[in-house]
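Presented below is the structure to which this report refers.
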Amino acid sequence: MTSATAVAGTNIALVKYWGKRDQTLNLPAAGSLSLTLDRLGTRTRVAFDGGDGSADRIALDGAPAGQKFVSRASAFLDRVRGRAAISACATVETFNSVPTAAGLASSASGFAALAVAAAQAAGLDLSPVELSELARLGSGSAARSIFGGFVEMAPGSRADGHDAVAHALDSGAGWEVRLVVAITAAGEKAIGSTAAMARTAATSPYYGAWVRSVEDDLSAARTAIAARDLNGLGTVAERSALRMHASAMAADPPILYWNPATLAAMATVRALRERGVSAFFTIDAGPHVKVLCAAAEADAVAAALNGTAGVLRTLIAAPGPGARVVEAA
Ligand code: 2P0
Numbered sequence: 050m051t052s053a054t055a056v057a058g059t060n061i062a063l064v065k066y067w068g069k070r071d072q073t074l075n076l077p078a079a080g081s082l083s084l085t086l087d088r089l090g091t092r093t094r095v096a097f098d099g100g101d102g103s104a105d106r107i108a109l110d111g112a113p114a115g116q117k118f119v120s121r122a123s124a125f126l127d128r129v130r131g132r133a134a135i136s137a138c139a140t141v142e143t144f145n146s147v148p149t150a151a152g153l154a155s156s157a158s159g160f161a162a163l164a165v166a167a168a169q170a171a172g173l174d175l176s177p178v179e180l181s182e183l184a185r186l187g188s189g190s191a192a193r194s195i196f197g198g199f200v201e202m203a204p205g206s207r208a209d210g211h212d213a214v215a216h217a218l219d220s221g222a223g224w225e226v227r228l229v230v231a232i233t234a235a236g237e238k239a240i241g242s243t244a245a246m247a248r249t250a251a252t253s254p255y256y257g258a259w260v261r262s263v264e265d266d267l268s269a270a271r272t273a274i275a276a277r278d279l280n281g282l283g284t285v286a287e288r289s290a291l292r293m294h295a296s297a298m299a300a301d302p303p304i305l306y307w308n309p310a311t312l313a314a315m316a317t318v319r320a321l322r323e324r325g326v327s328a329f330f331t332i333d334a335g336p337h338v339k340v341l342c343a344a345a346e347a348d349a350v351a352a353a354l355n356g357t358a359g360v361l362r363t364l365i366a367a368p369g370p371g372a373r374v375v376e377a378a
């Protein structure tokens, strides 16, 4: 029996992924661009040890995982077993440093860590690009967490998805930015990303316009990163987040992730900018607000967000490394 433990940081998209060209293979309809974080991540141990004898035994944060989580993780392990030609059920122990499914992108670090740990435990020798493709099959955003720092995900054009993988943007390496996360609610989000994307694509009259807008945002974001232009990158990030949410809000039934504290935090960010602080928000499939800023201004940004009505707490994250094996036996 072999086992492996992997860790992965979550990533926050600055140019958002929202919609698929293929549901089964999780192929995105457009590219995306993100920052992998040093904290807010997942640590996962996988052993193909027979599981509980007839099924995978999967624990999340020290307790047996719920049915939805188990079936998604088991389906993913089936792909790994298929590739490695093994049949043994697995024991999986996974720990998130953020609340699962609260809109803090735990599926990104979760499937990145699971892909890396499961591939290693199964004896598969995969390159980072192959791991990115594997992680994408678990969750589209997980493909990006295989790499550290600024990362771009390609939508690809092949039906088999081999070209829908992420790569690191080396031009951003060493840039001392921070993401200040303002947590505005406790508990799980109302509707998961997968279902929300599908509904947006099927019913939102703005979906096509959203997808068509992404390429220009990617291009502007790449240019800004290469130039270390925080205002340029932040402007793209806010635009991309608002357009993503606009497409979702226009779905039928509508998808609205924000709460009053989300709006208050956005106002705080605008007020910071009026005072000369380069701070820019982005919002994922949940009510929390993540604020991009320079490392030197992160404490001031966090203080302003902590003083915002409805913000429960903040944490400051820096760019972090890609997913990696930390223990193998
Ligand atoms: C992103 N999100 O680019 C976007 C922005 C949330 C909002 O990727 O269906 O959990 O597993 O591919 O990866 C969340 O979507 O969805 C996400 P699936 P995933 O970060």
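When you line the sequence shown up against the working numbering, it's residues 50 to 378, in that order.
Even for Gly, the Cβ is constructed at its ideal location relative to N, Cα and C.
- In the DSSP assignment, residue 312 falls within the unbroken alpha helix (DSSP H) covering 309 to 323.
- With the rule of 3 Cβ pairs closer than 8 Å, the stretch 306 to 314 does not count as touching the stretch 249 to 268.
- Per DSSP, the continuous alpha helix (DSSP H) segment holding residue 274 begins and ends at 256 to 275.
- Residue 105 sits buried, since 16 or more C-beta atoms from the chains shown fall within 10 Å of its C-beta.
- Sorting 216, 333 and 73 by C-alpha distance to the C-alpha of residue 239 places 333 at the top.
- In the DSSP assignment, residue 360 falls outside any beta strand (DSSP E), carrying neither H nor E.
- Under the DSSP assignment, residue 343 falls in the beta strand (DSSP E) whose first and last residues are 338 to 343.
- Boundaries cannot be given for residue 101, as no alpha helix (DSSP H) includes it and DSSP labels it neither H nor E.
- Exclusion of the five residues before and after residue 87 leaves 58, 366, 367, 368 and 369 as the residues of its chain whose Cβ lies within less than 7 Å of its Cβ.
- For residue 243, the shortest C-beta to heavy atom distance toward ligand 1 is below 6 Å.
- Non-local beta-carbon contacts of residue 172 in its own chain, meaning distances under 7 Å to residues more than five positions away in sequence, involve 51 and 133 in chain order.
- Nearest neighbour of residue 202 by Cα position, chosen from 193, 73, 209 and 324, turns out to be 193.
- For residue 225, no alpha helix (DSSP H) encloses it, and the DSSP letter there is neither H nor E.
- For residue 90, same chain residues with a beta-carbon under 7 Å away, outside a window of 5 residues either side, are 56, 57, 58, 59, 146 and 158 in chain order.
- Three or more beta-carbon pairs drawn from the stretch 280 to 296 and the stretch 247 to 257 are found closer than 8 Å, and the two stretches are therefore classed as touching.
- In the DSSP assignment, residue 52 forms a beta bridge with 96.
- Not one heavy atom of ligand 1 is found less than 6 Å from the C-beta of residue 251.
- With contacts defined as CB atoms closer than 7 Å, residue 160 and residue 124 fail to qualify as a contacting pair.
- Residue burial is scored here from C-beta neighbours: residue 376 has fewer than 16 other C-beta atoms within 10 angstroms and is therefore classed as exposed.
- The Cβ neighbour count for residue 207, taken over all protein chains shown within 10 Å, is under 16; the residue is labelled exposed.
- Residue 285 and residue 68 have their C-alpha atoms spaced approximately 19 Å apart.
- Residue 142 holds the alpha-carbon nearest to the alpha-carbon of residue 163 among 117, 142, 300 and 219.
- Residue 374 is positioned such that its CB atom lies closer than 7 Å to that of residue 53.
- For the pair residue 324 and residue 232, the CB atoms are not nearer than the 7 Å cut-off.
- Ligand 1 has no heavy atom closer than 6 Å to the beta-carbon of residue 117.
- By alpha-carbon distance to residue 166, the top candidate from 140, 190, 155 and 189 is 140.
- The residue from 249, 317 and 179 with its alpha-carbon nearest to that of residue 357 is 317.
- Separation of residue 328 and residue 305 (C-alpha to C-alpha, rounded to the nearest whole angstrom) is 24 Å.
- Beta-bridge partners assigned by DSSP to residue 69: 77.
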